[in-house]
DNA sequence: CGGCAATCTGAACGGTGTATAGATGCAGGA
DNA sequence: TCCTGCATCTATACACCGTTCAGATTGCCG
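Residue numbers (my numbering), protein chains in the order written: chain B, 61 to 267; chain V, 61 to 267.
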């Protein structure tokens, strides 16, 4: 993605503006978060005029949709990088940690991915991209024996809710009200693993 | 709050502008959501010039902080309205349902309450207001026996994460990818109670 | 009843997204 | 090789936004 951003040729025609704008937008998200994003700054970083992005993306929504799709790709990669063990509970703990870590490492991307007002979910790639990102969770949950007769969707929803809630609370710096003034990063590294180990012990049979 | 908004006197001086602006802002959140809010429109709805709010709140941040504090008050009221039974698990299910229902009934307020960039958390009333709102959860969790030796803070964090994650996923219309195209409202009324019953059965001893 | 301080106005500045008319230059056909 | 069509990009304009500030207004207190 980095290389795609370099102009194929300098001059009136950028040569690779679409990719350059996507990269620029992603970098703004990294630098200033989702609230610091502006279409004009993306154009500025790509070295083009304010109206140029409209031709490729129609609107800011169109550009951010592309970034969100990349975001789901990177989340999926982060989750798939978690080694699969023979203990589904262990896998769930590792996936949960990876999920929260991703949110903390890429807060801009993560927040964008869930913003229905900024991302065009009608894009046919959206459902596929977001579903694939969570396929690791789905697999671990289906592999995991359960004592309840809950359907797989209900179980996925519960697990997803838990990790998504943890990610959001930590990202919004709400955990500090419960665990002292520890930084979000320290919390995830030092406290969260313990919490997960007790939430999903390897000998449990819940959900 | 509604009555506080009516001007004590018409004329150059509004008479009760501070309360009127808070009401106007809350109504904008109800009508157009957090992204549709603007300080200028709040001034417009209160029938006052664009610079008037600055005197009372300093900035948009200051006004929204007041609205967020009211929001935590209304969330606390919604949670405290849940009847306390002799079954802590039953209480947790009712609280969870109330939490998600509140988020769905007041999406603008709910989203604002967790926006660190829009709300001044240094305000001394903030910590008190948000802690009190969740006191019902804390009480139910402390009353609930557990088989693990997790600390109360860890247990609160887990429960809060679960309900907060559910609220956010439903609010962001993500549940539909798991449970067909059911509207968020229908999901909360028809599907969620079942899910909660299986997540926190009355005879369980987890978390 | 006079003056002070709180309150509010109105205009200005720099920022935003979007629309549109016109300039530019690449690519492919004659 | 020329040249024409079309995709691409520029520049400008418009309507918003938050914040600031000098000045007008008025309630209130001495």
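For glycine and all other residues, C-beta sits at the position ideal for the given N, C-alpha and C.
Source: prediction; values computed, not measured.
With a Cβ-Cβ cutoff of 9 Å, do residue 211 of chain B and residue 225 of chain V count as a contact? Residue mapping note: residue 211 of chain B aligns to position 151 of the first chain, counting from 1. Residue mapping note: residue 225 of chain V aligns to position 165 of the second chain, counting from 1. Contact flag unset, no.
Throw me the rounded Cβ distance for the residue 97 of chain B and residue 85 of chain B pair, which I believe falls under 8 Å. Taking the first residue of the first chain as 1, we reach residue 97 of chain B at position 37. Taking the first residue of the first chain as 1, we reach residue 85 of chain B at position 25. The pair is a contact, with the Cβ atoms about 7 Å apart (cut-off 8 Å).
Check the Cβ-Cβ distances between residue 87 of chain V and every residue of chain B, and say whether any is below 9 Å. Against the second chain, residue 87 of chain V aligns to sequence position 27. Answer no: the Cβ-Cβ gap between residue 87 of chain V and chain B never drops below 9 Å.
C-alpha distance - residue 143 of chain V paired with residue 194 of chain V, whole-angstrom precision: As a first step, residue 143 of chain V must be located in the second chain, where it is residue number 83. As a first step, residue 194 of chain V must be located in the second chain, where it is residue number 134. Rounded to whole angstroms, residue 143 of chain V to residue 194 of chain V spans 15 Å at the Cα level.
Residue-level contact to chain B via CB, residue 253 of chain V, 9 Å cutoff: Your numbering for residue 253 of chain V matches position 193 in the second chain. False, the Cβ-Cβ gap to chain B never drops below 9 Å.
Give the secondary structure of residue 64 of chain V by DSSP, where H, G and I count as helix, E and B as strand, and everything else as coil. In the second chain, counting from the first residue as 1, residue 64 of chain V sits at position 4. Residue placement at residue 64 of chain V is flagged as unreliable, the pLDDT there being 47, under the threshold of 50; the coordinate-derived value follows with that caveat. Looking at residue 64 of chain V - three-state DSSP - the assignment turns out to be helix.
Contact between the stretch 222–240 of chain B and the stretch 212–224 of chain V: three or more CB pairs below 8 Å? Because the criterion of three Cβ pairs below 8 Å is met, the stretch 222–240 of chain B and the stretch 212–224 of chain V touch.
Does the beta carbon of residue 93 of chain V come closer than 9 Å to any beta carbon on chain B? Translated into the one-based positions of the second chain, residue 93 of chain V becomes position 33. Taking Cβ atoms only, chain B reaches closer than 9 Å to residue 93 of chain V, which makes this a yes.
Just checking my contact of residue 127 of chain V with residue 172 of chain V at CB under 8 Å: how many whole Å lie between their CB atoms? Here residue 127 of chain V refers to the residue found at position 67 of the second chain. Here residue 172 of chain V refers to the residue found at position 112 of the second chain. Under the criterion of beta carbons closer than 8 Å, residue 127 of chain V and residue 172 of chain V qualify as touching, at roughly 6 Å.
List, in order along the chain, the chain B residues whose C-beta lies closer than 7 Å to that of residue 177 of chain V? On the second chain, position 117 is the one that residue 177 of chain V refers to. Result: 95.
Partner residues on chain V for residue 116 of chain B, Cβ-Cβ distance less than 8 Å: Indexing the first chain from 1 puts residue 116 of chain B at position 56. What residue 116 of chain B touches in chain V: nothing, since even the nearest Cβ is about 24 Å away.
Spatial neighbours of residue 134 of chain V in its chain, beta-carbon cut-off 8 Å, leaving aside the 5 residues before and after: Taking the second chain and counting its residues from 1, the one referred to as residue 134 of chain V is at position 74. So the list reads 162, 166, 169, once near-sequence residues are dropped.
At a CB-CB cut-off below 7 Å, which residues of chain B make contact with residue 202 of chain V? Position 142 of the second chain, counted from the first residue, corresponds to residue 202 of chain V. Within 7 Å Cβ-Cβ: nothing; residue 202 of chain V doesn't reach chain B, min ~13 Å.
If you reduce the DSSP assignment to three classes, tell me which class residue 234 of chain V lands in. In the second chain, counting from the first residue as 1, residue 234 of chain V sits at position 174. When DSSP states are grouped into helix, strand and coil, residue 234 of chain V belongs to the coil group.
For residue 256 of chain B and residue 114 of chain V, I'd like the C-alpha separation in whole angstroms. For the purposes of this step, residue 256 of chain B is identified with residue 196 of the first chain, where counting begins at 1. For the purposes of this step, residue 114 of chain V is identified with residue 54 of the second chain, where counting begins at 1. Rounded to whole angstroms, residue 256 of chain B to residue 114 of chain V spans 46 Å at the Cα level.
My guess is that residue 136 of chain V and residue 192 of chain V are in contact by the Cβ rule of under 8 Å, so how many angstroms apart are they, rounded? The residue given as residue 136 of chain V occupies position 76 in the second chain. The residue given as residue 192 of chain V occupies position 132 in the second chain. That pair is a contact at about 6 Å.
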